[in-house]
Structure formats: structure tokens, C-alpha cells
Amino acid sequence: MDLHIPSCFSAFHCLAGNCPHTCCADWEVPIDSDTAAEYATLPGPLGVQLRRALRQDEEGVLCFPLKGRFCPFLDEDGLCRIQKELGESHTGLICRTHPRFFNDYGPLREAGLCASCPEAARLVLAEDLTLLAQSTPEIPAEEAPPLLAPLLAARETALRLLRRRSLPLERRLELLLLFSNELQLLLDNGAPEEVQALCALYEETPPESLPPLRPGCGGADCCLTLLMEQEHLRQDWTDLLSEAAHRLSAGTLPAQGPPERLAERAAVYFLYRHWLRAVWDGDALSWGEFVVFATASVCLLSASQDGGGSFPDLLRRFCLETEHSAGNLDLLQDAFCTRFSIGDFLSVIGAIPPLSGRSGTAD
Ligand code: SF4
31 MDLHIPSCFS AFHCLAGNCP HTCCADWEVP IDSDTAAEYA TLPGPLGVQL RRALRQDEEG
91 VLCFPLKGRF CPFLDEDGLC RIQKELGESH TGLICRTHPR FFNDYGPLRE AGLCASCPEA
151 ARLVLAEDLT LLAQSTPEIP AEEAPPLLAP LLAARETALR LLRRRSLPLE RRLELLLLFS
211 NELQLLLDNG APEEVQALCA LYEETPPESL PPLRPGCGGA DCCLTLLMEQ EHLRQDWTDL
271 LSEAAHRLSA GTLPAQGPPE RLAERAAVYF LYRHWLRAVW DGDALSWGEF VVFATASVCL
331 LSASQDGGGS FPDLLRRFCL ETEHSAGNLD LLQDAFCTRF SIGDFLSVIG AIPPLSGRSG
391 TAD
């Protein structure tokens, strides 16, 4: 099996007791069957407590329900009691792997860090994404899904569009939107063999000769409305969205956005993490739209905070509320397909506040 790993992946170390936003809060802790089997016969007082705490949720998944907001095995020093007493290898699989994610596409596995963790968000924004390719012959490769090769090639082009630093990021997002739209037409027409030619067109054509797009208005409303419709994990996220909506209607949103380079790296993060989902659902357009929507939303929300807000923290909060919920991702994808036009996405791009530190460097 082939493996793609971002260069920041191995730099991750959990902040443990120093973490300002522990991941052992606000969601039940799922326990995989191997770990549950170990806990079933674990001797001593901790074994008894683990068995007492273990429950099946409404979907039949074994988990530790929260005590208040927190995992019942999170001690007051912010450390995990299971890890302290037994070692990390005895915690559940999700606890051992979070915030790392692994997405499999037949013969390809892509790893990454989920930016819902503050340390992962810091690393994701600290440098440009570089992918390291490895091979793991010990893991048997499955057959390649038909869309894997064309969508990998298309993602390379999408990545290069997002990094055309001679253009403002807003224009790069517009190009990504146009490219995703044309790519989708090829997929819908059963012509994935034409994707290479489309990639070459977008990479070789000077952006000035690609259709100019006219941003509409109301994009900030679009973002906030959709985010408000999602199921929220934390009340402070609901409060933040309400405050941003209030400021928007009062016309008091600050005019300054975050640094352009951070917004670009966030866009690249969303592209890397989500674009290849189209291998399975064939919906490249909505994953391109997701990159645009997510990047614009994080820029908008960080600008809506007093003093400009912390972009890494807003990225973390967006990812926590959106990327960990299949229901929230479905809601967005459904809204993109049924309620949003390309014009709406242009107005979403138009809602990005002026970004600071424009690089103006050559491509
Ligand atoms: S959110 Fe990240 S840094 Fe904090 S406890 Fe969880 S894995 Fe560690």
C-alpha cells in the first residue's frame, strides 16, 4: 500500500496536561472491541471502574459517557488515569490515534493531523504542506477505485492553483471553484480520461484569460446561516456565530482579515483532507466548494472577533464543530447541491475580509 504523510505529521506531540482545549471533553469516548475485551478481564480497582463506566450508546457503540463535560478518566491534572496507571497502549484506539486521521482509497492511505486539536492546528499552519510518499508492502493493497488516478491528478492542479501566489487568495479560490465545476462536468459525462487535459488547461493558461468572476453580496450571511443550521458541540461556538451575525447586521464587522499565508494554508489543509472523498461519492464539485466555504468561514469568523481573533483557534473551532460530525458534513454537502449556486460561492469568496500580508511573490 502507498502512504502519503504530511511533513508536520511526525512533529506532533500531545500537549497533555498543558493543553488549553483537551480532546477528552464534550464527546463520548468510543472504545474499540479489542480494548473493551482487555478491560473485561483487567484486575484491580481500575478494572472495576472501567467496566462500570463502559456503556453502549444509542447506536450500539461501546463508549465512556461523559461525566459533566469530561471523560470520566480525565484527572484534575489534565492527564488520563488509564494512561498514567497502565500506559498509553492500554487506552482506546481513538485515544491513541487522535488527532491523526487516516483515509484509505484502495491502494492509497493518506495520513494527516486534524486541526480540531490546538497543537495540530498550530503545526498545520506553521509550514506549507509537503507530502512524503512511502510504501508499506506489509499492508496488502486493494484494487484502485476508478476515480483515484484522475482525482489525484486534479488535486495536484487544485493545489497549484491555491499556491499561485502572484494572485490574491480570493482569485485563487475562484479558480479552484471554476476548475472543480469543469471537473465535475467531465465526471458526470463519464469522461475521466479528459481530466489530464483540463488540468493542463488550468495550469498553462494565464489566469487573466480565464473567465473573470464577479463577486456577489450576501456571502457572509450564507456562511453564518449554514453554520448556525449545523448541530453544535459547544455553546461557545453558537455564541460566537450569534455575535458574528449581530455584528454583520449592525455593520460593525472589522475590515481586516487574517494573514493571507495562514488562510492559504488552511485552504490547502481542507483540500488535502477532503478532496479525495470524491473518489467514493463522485462529487468533486462539492468538495471544492467545501474548501471555499470553510476557508471563507474561518477568515470571516476570525475577523469578527475583537482584536482580530486568533486564526489558529478559529480554525480549530471550525474543524471541531464541522469535521468530526458526519451529519454536519452531510448538511453542508446537501446545501451546496440543492441551495447554493456558483454565484452564491462567489459571494462567499467576496465575504472574505481584506487579508493582511499579501505575498505578491511569483508562482
Ligand atoms: S487536543 Fe490535542 S494536544 Fe490537547 S489533549 Fe487532545 S491530542 Fe493532546
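According to the numbering used here, numbering within the sequence shown proceeds without interruption in unit steps and concludes at 393. Each residue gets a CB set at the ideal place from its N, CA and C atoms; glycine is no exception.
To the nearest angstrom, report how far apart residue i and residue j are at their CA atoms.
i	j	result
alanine 156	arginine 291	10 angstroms
alanine 274	leucine 330	9 angstroms
valine 378	cysteine 252	7 angstroms
arginine 277	serine 327	15 angstroms
cysteine 53	leucine 315	32 angstroms
serine 119	aspartate 311	35 angstroms
leucine 361	cysteine 101	28 angstroms
tryptophan 305	alanine 221	19 angstroms
serine 64	histidine 51	Going by the sequence as given, residue 64 is aspartate instead of serine. Aspartate 64 and histidine 51: Cα-Cα distance of roughly 28 angstroms.
glycine 248	isoleucine 35	38 angstroms
aspartate 266	leucine 256	17 angstroms
alanine 188	serine 40	25 angstroms
phenylalanine 103	threonine 121	10 angstroms
leucine 203	serine 37	24 angstroms
proline 167	leucine 33	10 angstroms
alanine 230	aspartate 105	55 angstroms
leucine 207	glycine 77	53 angstroms
alanine 163	leucine 181	17 angstroms
proline 384	proline 75	58 angstroms
valine 59	glutamate 233	45 angstroms
glutamate 224	threonine 235	17 angstroms
glycine 114	leucine 177	The question names glycine, yet the displayed sequence has lysine at residue 114. C-alpha separation (whole angstroms): 45 angstroms.
leucine 254	aspartate 343	18 angstroms
tryptophan 317	glycine 281	31 angstroms
cysteine 44	serine 371	41 angstroms
Using the rule of at least 16 other Cβ atoms within 10 Å of the residue's Cβ for burial, across every protein chain shown, is residue i buried or exposed?
i	result
glutamate 319	buried
threonine 352	buried
valine 321	buried
leucine 350	buried
threonine 325	buried
cysteine 125	buried
cysteine 147	buried
cysteine 93	buried
glutamine 286	exposed
valine 309	buried
alanine 392	With a pLDDT of 43 at alanine 392, under the threshold of 50, the predicted position of this residue should be treated as unreliable, though the coordinate-derived value follows. Flag for alanine 392 reads exposed.
phenylalanine 132	exposed
alanine 293	buried
asparagine 5	Since the first residue of the chain shown is 31 and the last is 393, residue 5 is not available in this structure.
cysteine 367	exposed
valine 91	exposed
asparagine 358	buried
arginine 303	buried
aspartate 107	exposed
aspartate 313	buried
arginine 82	exposed
leucine 228	buried
arginine 369	exposed
arginine 99	exposed
leucine 215	exposed
Report the CB separation of residue i from residue j in whole angstroms; it is logged as a contact under 8 angstroms.
i	j	result
arginine 130	alanine 141	6 angstroms
leucine 159	valine 298	5 angstroms
serine 332	phenylalanine 341	5 angstroms
glutamate 172	proline 137	6 angstroms
serine 80	leucine 72	Here residue 80 turns out to be leucine, not serine, going by the sequence shown. Contact flag correct, Cβ pair sits at about 6 angstroms.
tyrosine 135	proline 175	6 angstroms
aspartate 62	leucine 116	At roughly 16 angstroms, the Cβ-Cβ gap does not stay under 8 angstroms, so aspartate 62 and leucine 116 are not in contact.
Given a cut-off of 9 angstroms on the beta-carbon distance, is the pair residue i and residue j in contact?
i	j	result
glutamate 88	glycine 380	no
leucine 109	tryptophan 57	no
leucine 301	alanine 250	no
alanine 150	phenylalanine 42	yes
arginine 139	isoleucine 112	no
arginine 307	valine 154	no
alanine 184	leucine 143	no
histidine 354	leucine 263	yes
serine 334	leucine 270	yes
serine 239	methionine 31	no
serine 210	proline 289	no
glutamate 259	alanine 356	no
arginine 193	leucine 205	no
Return no unless some Cβ of chain D is closer than 9 angstroms to the Cβ of residue i.
i	result
isoleucine 124	Among the chains in the structure shown there is no chain D, since it carries only a single protein chain.
In chain order, each alpha helix (DSSP H) run of at least 4 residues that lies wholly inside the stretch 248 to 322: Segments of the alpha helix (DSSP H) lying fully in the stretch 248 to 322: 249 to 259, 265 to 280, 290 to 304 and 308 to 311.
Sequence ranges, alpha helix (DSSP H) only - wholly within the stretch 120 to 161, length at least 4: Whole alpha helix (DSSP H) segments, 4+ residues: 123 to 127 and 148 to 156.
Runs of beta strand (DSSP E) wholly within the stretch 198 to 242 (minimum 3 residues, chain order): You should have found no qualifying run.
Heavy atoms of the ligand SAM versus C-beta positions, residues under 7 angstroms: Only the ligand SF4 can be found as ligands here, which leaves the ligand SAM out of the picture.
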